[in-house]
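Data block below; observations after.
2 protein chains.
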Amino acid sequence: MRDVAIIGVGQTKVGEHWDISLRHLALEALQAAMTDAGVARADALYVGNMLSGALDGQEHLGALVADFAGLRGIEAFKVEAACGSGAAALRMGYVAVAGELADIVVVVGVEKMTDKLGPEATSALAMAADGDYEAAQGASFVALNALLMQRYMYEYGYSHQDFAPFAVNAHKNGVNNPYAMFRFPVTTERFAKAKMICTPVNLLDSSPICDGAAAVVLAPADVAHALSAAPVRVAASAVGTDALAVHDRRDPMVLDGAVVSTRRAYEQAGVGPQDIDLFELHDAFSIMAALSLEAAGFADKGQGLRVALDGEIGLEGRIPVTTMGGLKARGHPVGATGMYQVVEVVQQLRGLAGANQVQDARIGMAQNIGGSGATVVTHILERME
Amino acid sequence: MRDVAIIGVGQTKVGEHWDISLRHLALEALQAAMTDAGVARADALYVGNMLSGALDGQEHLGALVADFAGLRGIEAFKVEAACGSGAAALRMGYVAVAGELADIVVVVGVEKMTDKLGPEATSALAMAADGDYEAAQGASFVALNALLMQRYMYEYGYSHQDFAPFAVNAHKNGVNNPYAMFRFPVTTERFAKAKMICTPVNLLDSSPICDGAAAVVLAPADVAHALSAAPVRVAASAVGTDALAVHDRRDPMVLDGAVVSTRRAYEQAGVGPQDIDLFELHDAFSIMAALSLEAAGFADKGQGLRVALDGEIGLEGRIPVTTMGGLKARGHPVGATGMYQVVEVVQQLRGLAGANQVQDARIGMAQNIGGSGATVVTHILERME
């Protein structure tokens, strides 16, 4: 097993891309990443995507995107793990390069959701939950997160308004990200008045349905400097899983999949939470951000929200999160999200995050969650000197 | 990179399983494979599946099946490459074990199609083709194969009846496979009278819509003998891709994806067509069997059908194909098919194919095709002495 580096990144703006197709979105991100890396070929392509079948009537994205990107003939598959599909595809690419079965691998996460807004998108997203025991009972994705949020407030004595810092922080950072969907700040007052979606989850607790694609190019670390001016080492790539259905979990207030995934990542990288300079967590809903901070070791049980309330999640805080807007403000094109997170960590480690730069960022972590915690893929990235 | 072995296999009967769910199908095959291998745990699970979203309202099969199989917590993803999803998942498992990122990996291909027979299944399957340029124009999967078959007959001067040997051979072998969907022989006369589906593809040119699951357990080859009485070495695992749309191909009469995939597999295994004792090819339609024989080097261009007409595809022929019934008689639960093919090759190499045993089978090849040739995954398996 050898070290792996990211030698190029690319992304499209997140938004409602009604004028271009799924394959064009993927192409735009892929071409940007390959141009950034200065490579024209690859040994394999892995595509992270969840909903192309349900919302675009298209499966078989591996060969489709490979061909459209001028890579006809190479190994190419789609990897799916619900909203964790993007990082799952990266994990497969990492395995191929680390195991010396491929040298140059391109990975793209892509999702096009807004051609079918409304009930169809909600139904499609519910396929990330347990179809027989959750979705079929009417438990949509937002409903499951609402139950978790309600329970969190009850168990630990928080008010709904205590969740405001996650939205405020994400939107503040989104303003400076040209690829973000929402580039406006929100105040705690606006959070308090936001439209209720599914009590207690309001509009600003939620990430938007949207389109986008993000990509990276992987190479063996020992040739990364020869290929790239600013390579980033993949210090860890790890996965943990849990039951899909929330009611099957050991404790609904603990993301066991994230605990396992993060522990494996820390062990592989030889670091701990104190070494992480920024954490791109999976804030599909505010409650997921709180639970993620706890599962990753940045807060004790019930204290994840406290970290945010204490102002520690800002760019100059103890653990900056959603530094480019997160799922909430950058947007959450589900199968692409994990790749956006990784691209953003690379930007930070390269010192290219502009007004959102975390000072002296050396080690960053991206954590992509499928479902309400059933698949958790964690990557720790490190600046290569 | 190290050698990889299959130390256990399992499968469900192929058919219309209206009484059990997708997860139960997967479980049955997985448990059989893990019992066969004598292992109770695994480092990772990869699930090959194409249509669970469209036909079962369920994505996120990796974590779902892992949890249901008692493997909660392990790395688990779904891998999709249309009808090539099964072998694509195996390829990912192979990469993980060969690259030393995992020791014991379980792979299951599963598909449940018959809960929504008819137009829904046909529409869902069309997602394997190019949605914008084929499916949206009304070109269903059978229609695309009909065009290829018609062209083949025109180019090389065959009659439709010349394709009969593929169906006759597959059904003859299916009779003795307890896991096959269709266990009855068909005659050339019956083939001639079979209901026309989409001219010139008739019912006996086509594989059925059905349900099933098949699984294997992978381990490093150097410990395989300690774990299994009859391990089988994965001598090659290779992928080739092509354009999804048939009209985008270099030559519609050549499966370039299969040419590339097979060449890579032969190179990796250090063998050629003359060394292959049996070939589990992807006879989703008769025309695919003919084109596969050519692409894999068993016949010159336009001569694939001749191999069958000359009686060389039978159990005692030069190159036995579909030895346990193939897609036509065993059945084609699309995302599971690639795993059934591999399980059947293992049965042959272990000498456990019963009445269908290929004498002294030492090296077998399984080739799983996604779409009408856009993803081709080839595995060459070898008996370990």
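So the protein sequences, as listed, match chains A and B.
Whatever position you read off the first sequence (first residue = 1), add 72 for the numbering used here.
Whatever position you read off the second sequence (first residue = 1), add 72 for the numbering used here.
Where a beta carbon is used, it is the ideal one built from N, C-alpha and C, also for glycine.
These numbers were taken from a predicted model, which means no experiment stands behind them.
Is it true that the CB of residue j sits closer than 8 Å to the CB of residue i?
i, j, result
"Lys184/B", "Leu97/B", "yes"
"Val179/A", "Met411/A", "yes"
"Glu131/B", "Met122/A", "yes"
"Met253/B", "Arg402/B", "yes"
"Leu127/B", "Ala211/B", "no"
"Ala141/A", "Leu99/A", "yes"
"Ser358/B", "Asp277/B", "yes"
"Ala135/B", "Thr409/A", "no"
"Ser231/A", "Asp204/B", "no"
"Tyr228/B", "Gly374/B", "yes"
"Val214/A", "Val258/A", "no"
"Thr447/B", "Ala153/B", "yes"
"Glu416/B", "Asp283/B", "no"
"Ile281/A", "Thr394/A", "no"
"Thr450/A", "Ala264/A", "no"
"Val151/B", "Phe149/A", "yes"
For the beta strand (DSSP E) that contains residue i, what are its first and last residues?
i, result
"Ser212/B", "No beta strand (DSSP E) contains Ser212/B, which DSSP labels as neither H nor E."
"Pro292/B", "Asp283 to Pro292"
"Ser309/A", "Val304 to Thr313"
"Val81/A", "Val76 to Gln83"
"Ala438/A", "Ile435 to Gly442"
"Leu117/B", "Ala116 to Gly120"
"Gly181/B", "Val177 to Lys184"
"Lys188/B", "From DSSP, Lys188/B is part of no beta strand (DSSP E); its letter is neither H nor E."
In chain A, which residues lie with their C-beta within 7 Å of the C-beta of residue i?
i, result
"Glu131/B", "Met122, Glu152, Ala154, Met199 and Ala200"
"Ala170/B", "Gly171 and Leu173"
"Ser93/B", "Asp204"
"Val311/B", "Glu147"
Let me see if you follow: with CB-CB separation under 8 Å, is residue i close to chain A or not?
i, result
"Arg390/B", "no"
"Leu162/B", "no"
By the criterion of Cβ-Cβ separation under 8 Å, what are the contact partners of residue i in chain B?
i, result
"Thr447/A", "His132, Gly134, Ala135, Ala148 and Phe149"
"Asp139/A", "Thr313, Asp314, Ala315, Leu316, Asp320 and Ala446"
Check whether chain B comes within 8 Å of residue i, counting only Cβ atoms and requiring the distance to be less than that.
i, result
"Val306/A", "no"
"Asp115/A", "no"
"Arg144/A", "yes"
"Gln73/A", "A small correction: the amino acid at residue 73/A is Met; Gln does not occupy that position in the sequence shown. Taking Cβ atoms only, chain B reaches closer than 8 Å to Met73/A, which makes this a yes."
"Asp294/A", "no"
"Val178/A", "no"
Along chain B, in chain order, which residues have C-beta atoms closer than 9 Å to that of residue i?
i, result
"Ala207/A", "Gly129 and Gln130"
Would you kindly report the start and end of the unbroken alpha helix (DSSP H) that includes residue i?
i, result
"Gly329/B", "Asp328 to Ala341"
"Asn245/A", "Ala236 to Gly246"
"Val414/B", "Val406 to Leu421"
"Tyr166/A", "Ser157 to Ala170"
"Arg95/B", "Leu94 to Ala109"
"Ala196/B", "Pro191 to Leu197"
"Ala361/A", "Ser358 to Ala367"
"Thr260/B", "Thr260 to Lys265"
"Lys400/B", "Gly398 to Ala401"
"Arg378/A", "Gly376 to Leu381"
"Val137/B", "Leu133 to Phe140"
"Gly125/B", "Ser124 to Asp128"
Whose Cβ in chain A lies nearer than 8 Å to the Cβ of residue i?
i, result
"Gly125/B", "Leu123, Gly125, Ala126, Ala196 and Met199"
By the criterion of Cβ-Cβ separation under 7 Å, what are the contact partners of residue i in chain B?
i, result
"Val167/A", "Val167, Ala168, Gly171 and Leu173"
So, does the CB of residue i fall closer than 8 Å to a CB anywhere in chain C?
i, result
"Ala101/B", "Looking for chain C here will not work: the only protein chains present are A and B."
Taking a Cβ distance cut-off of 8 Å, strictly less, list which residues of the region 432–447 of chain B are near chain A, in chain order. Cβ contacts with chain A: Gly442, Gly443, Ala446 and Thr447.
The region 312–334 of chain B: which residues have C-beta closer than 8 Å to a C-beta of chain A, in chain order? Of all residues in the region 312–334 of chain B, only Gly312, Thr313, Asp314, Ala315, Leu316, Asp320, Asp328, Gly329 and Val332 place a beta-carbon less than 8 Å from a beta-carbon of chain A.
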